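Protein sequence lines, in the order shown, are assigned to chains C and Y. Counting in the UniProt record's numbering, the final residue of the first sequence is number 592, and the numbers go up one at a time with none missing. Counting in the UniProt record's numbering, the final residue of the second sequence is number 240, and the numbers go up one at a time with none missing. Structure first, commentary second.
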Amino acid sequence: MVDIPYEGIEGIPPAEVPDVELYHPRSWWTRYVFSQDAKVIAIQYSLTATAIGLVALVLSWLMRLQLGFPGTFSFIDANQYLQFITMHGMIMVIYLLTALFLGGFGNYLIPLMVGARDMVFPYVNMLSYWVYLLAVLVLASTFFVPGGPTGAGWTLYPPQAILSGTPGQDWGIILMMSSLILFIIGFTMGGLNYVVTVLQARTRGMTLMRLPLTVWGIFTATVMALLAFPALFVASVMLLLDRLLGTSFFMPSLVEMGQLSKYGGGSPLLFQHLFWFFGHPEVYIVALPAFGIVSDLISTHARKNIFGYRMMVWAIVAIGALSFIVWAHHMYVSGMFPQFGYFFATTTLIIAIPTAIKVYNWVLTLWRGDIHLTVPMLFALGFIITFVNGGLTGLFLGNVVVDVPLSDTMFVVAHFHMVMGVAPIMVVLGAIYHWYPKVTGRMLNEAMGKFHFWVTFLGAYLIFFPMHYLGLLGVPRRYFELGDATFIPSSAHSLNAFISVVALTVGFSQMVFLFNLAWSLFKGEASGGNPWRATTLEWQTPETPPGHGNWGKDLPVVYRWAYDYSVPGAAEDFIPQNQPPRARKLIQGAAS
Amino acid sequence: MAETVLTNPGQSTAQLEGWRGIAADWASDQRAFKNVSWGKAMMWIFLLSDTFIFSCFLLSYMTARMSTTVPWPNPSEVFALNIAGKHIPLILIAIMTFILISSSGTMAMAVNFGYRRDRVRTAILMLVTAAFGATFVGMQAFEWTKLIMEGVRPWGNPWGAAQFGASFFMITGFHGTHVTIGVIFLIAIARKVFRGDFDVERRGFFTSRKGYYEIVEITGLYWHFVDLVWVFIFAFFYLW
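See below:
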């Protein structure tokens, strides 16, 4: 074997942190239910998020039935339609995507990828999941309370969110706020763990600049979430007080049901500022883990090192920072001071620069790579295309003059579903196909996987591409039915019916995926420890699935970055991060 | 993890200057913050997040106060007390502030004795801190009662903008909750200190981890933060 070219290894630094004391479960309950093992917590998070996500999926079918075939289904009335919209949006954005990326993938991958035995505070990590579960249960309970869930739209704008006439005014809105507050408390406990684990509990040799981009994405997103969720927390508390105690933080004086309401002097705009100060970073809280994961998928399955690693890291950080100063681009038509639009449009368009860097780097990673069209790779490619599409319509909506006529139309719906619905979901699915072997020791069935990919990918385009066109026609969003509006041609109605049929088909095709998950658990082909021949640490565990404490007796030592694929002269086309360089002295002592 | 391990960080990165040096330091091996334990790092990051919560509360209050068309009640009148026939503005708040700042002093002493492993003094000083905190919360309860008797409600008050009562109860209530949690935290840790848990390295009931005297300092971080927030509330709500 030839000498492997490698820069910058002089020796292994001494361990700075003594080995961690793990909690060792003594019973079935503490092993599988009240577990303090991040991997079990990750699976709990993922299953809960998927379960509530399926509820949101069914809600989207009901919405599409109504939109595609108005008047046909008597069991959907206008109030219910609004409730479906609200719950679909809230569940998908927060309870599914945020929880799955950070609570699910974060918990599973961070300790394994940084070479830790577990999160730094496993007990707090466990509490995080149980509070999250409570939040989900409170949210789900709104389907069964008098008046049903809130129909205020996922943005929950006051004044209408808490006024009579909005569905769910009795209990729905109260429970929604309570659930959000619980979610934020639970997330904070988990998020602190993820951040401290990445910063302070890496194994020897694992500098920040050797972290896989997956960890960088999840880490940055978690930091953002810790700084953005406070705004939602405050907005939820204040809206709850407005609803329960009759304070007027957000409520102007207005006439409700023919009577002057008890409210007065509050500012609805204040809520919008607080909400979007959370809401815009939230987009990137979902997107950054997806960026990170997709970088690793592409590099692994194209057998080529990621192009411009350092720039990829800085782009993630820059996007994270910039996303805190763009929030009011959601408010161009809100009546805020108009010149703010100039500032926020500028910052919004600046975000395109680091984002474009990332897209170029993904493409350049693929260029002349040894591309294996495995299922994870297909989803990763699907992500890039979808994300570029969604990002380009973002340029439309980021400009004030273009946004104003497009506001509240189906164009907006198409845009955000492409960019933060379909694109991150593509990554979630690809990531599940990629890491399922590590979690279970078995491969997912590839034939079912390919079928799943093509139906999902093509279906998503058939659903959301025509929606742009509907939006340009002026078809409004959140409308129960379009009626006989003259500006909407009949072709728009047939297009709506078409979209609905495709949406139902794509929705049902996800059942193939769920079946695949269950089937492969028992019948899947045994994967071995490293089926994708990947370099990162989680594939180098002594056991698959990794045991309690992840690493057996000794922690791994990291000698190289995460992307040594197809290194010229190396025996294999991948070199694991913990493989020592040959023809060099391993340890030159602590002081080197 | 065990007590802080002192290392000699950054030998290979010492030559780098400017931004590259900063990046290299932060990105260095194993730990970004050298000699900072997990617990302490976690508390600092939590406090950063909590800062954002209080900032949002205070900014919302300021927005309400600046945009209301109804006059804002004069705080120095509202929070005045008649003591021995004298009308003293803001006296109660002044005493409360004094008590809370004093509790920061006893807390700092507790941290000092904690690192000297002086079990009894540490516990006593922590309990004194907790007592100051409880007094603060008690005086806040008195203040709330007084205002409620005078007709201040979250939805209105006799003197002006309704948002006055709303912001007051919300912000002081949220801060008071923090102080109360801090008092409970202090008492729990003081009990452990007094029992000698950190001398015999007794394992936690839930976490099965050893405890260290450093937890006194971590409690202190939280406590000082709560005090600091109060200074901002004092400045923005009572003095403005």
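Cβ atoms here follow ideal geometry from the backbone N, Cα and C, with glycine treated the same way. Keep in mind that this is a model prediction, so the values were computed, not measured.
For the 8 Å CB-CB criterion, M443/C and P531/C form a contact. When DSSP assignments are scanned along the region 377-459 of chain C, the uninterrupted stretches of alpha helix (DSSP H) that are 4 or more residues long and fall wholly within it turn out to be 400-406, 410-416 and 423-440. Contact annotation, Y123/C with Q36/C: C-beta distance approximately 6 Å; criterion of less than 8 Å satisfied.
With a threshold of 8 Å between beta carbons, K192/Y makes no contact with chain C. Take the alpha-carbon of G369/C and the one of L378/C: they are about 15 Å apart. For T207/Y and V223/C, the gap between their C-alpha atoms comes out near 25 Å. Within the region 135-156 of chain Y, those residues whose Cβ lies closer than 9 Å to any Cβ of chain C are, in chain order, R153, P154, W155 and G156. Here T348/C is not near H372/C, since their CB atoms are 8 Å or more apart. Listed as beta-bridge partners of A526/C by DSSP are R442/C.
Judged by DSSP in its simplified three-state form, R204/C adopts coil rather than helix or strand. For L81/Y, the uninterrupted beta strand (DSSP E) segment begins and ends at L81 to I83. Proximity of chain Y to T188/C at the Cβ level (cut-off 8 Å) is accounted for by F46 and S49, in chain order. A check of alpha carbon separations from V183/Y across A130/Y, G138/Y, R153/Y and R209/Y identifies A130/Y as the nearest.
Secondary structure at Y565/C: strand, using DSSP grouped into helix, strand and coil.
Against chain Y, the CB of L133/C has no partner CB under 8 Å away; the residue lies outside that interface. Contact annotation: A24/Y and L199/C have beta-carbon atoms that are not nearer than 8 Å.
If you check the CB distance, T355/C and L288/C do not come in under 8 Å.
The three-state reading of DSSP puts R117/C in coil, since its state is none of H, G, I, E or B. Taking 8 Å as the threshold, the shortest C-beta distance from M209/C to chain Y falls below it. DSSP places I88/Y in the strand class (E or B) of the three-state scheme.
With respect to chain C, the C-beta atom of T172/Y has no partner C-beta closer than 8 Å. By the rule that beta-carbons nearer than 8 Å mark a contact, K39/C does not touch chain Y.
Here F169/Y carries a helix assignment [DSSP, helix/strand/coil]. Per the DSSP secondary-structure output, P476/C pairs in a beta bridge with T409/C. About 6 Å separates the CB atoms of M126/C and F34/C; that is less than 8 Å, so the two are in contact. Taken through DSSP and simplified to helix, strand or coil, Q339/C comes out as coil. Taking a Cβ-Cβ threshold of 8 Å, the residues of chain Y close to M238/C are S60 and M170, in chain order. Straight across, the Cα-Cα distance linking R210/C with A562/C is about 6 Å. From the beta-carbon of A64/Y, the residues of chain C found nearer than 9 Å are S248, F249, G265, G266, S267 and L270. The residue among A447/C, D403/C and P25/C with its C-alpha nearest the C-alpha of S334/C is D403/C.
For the 8 Å CB-CB criterion, V137/Y and G165/Y do not form a contact. Sequence-distant Cβ neighbours of F232/Y in its own chain, meaning closer than 8 Å and more than five residues away, are F54 and L58.
Contact of E16/C with chain Y is assigned, a C-beta pair being separated by under 8 Å. Closest by C-alpha distance to S178/C, out of L297/C, T150/C, Y194/C and M189/C, is T150/C. If you draw a straight line from the Cα of F142/Y to the Cα of L92/Y, it comes to about 10 Å.
Shortest Cα-Cα distance from P376/C to any of F84/C, Q66/C and M448/C involves M448/C.
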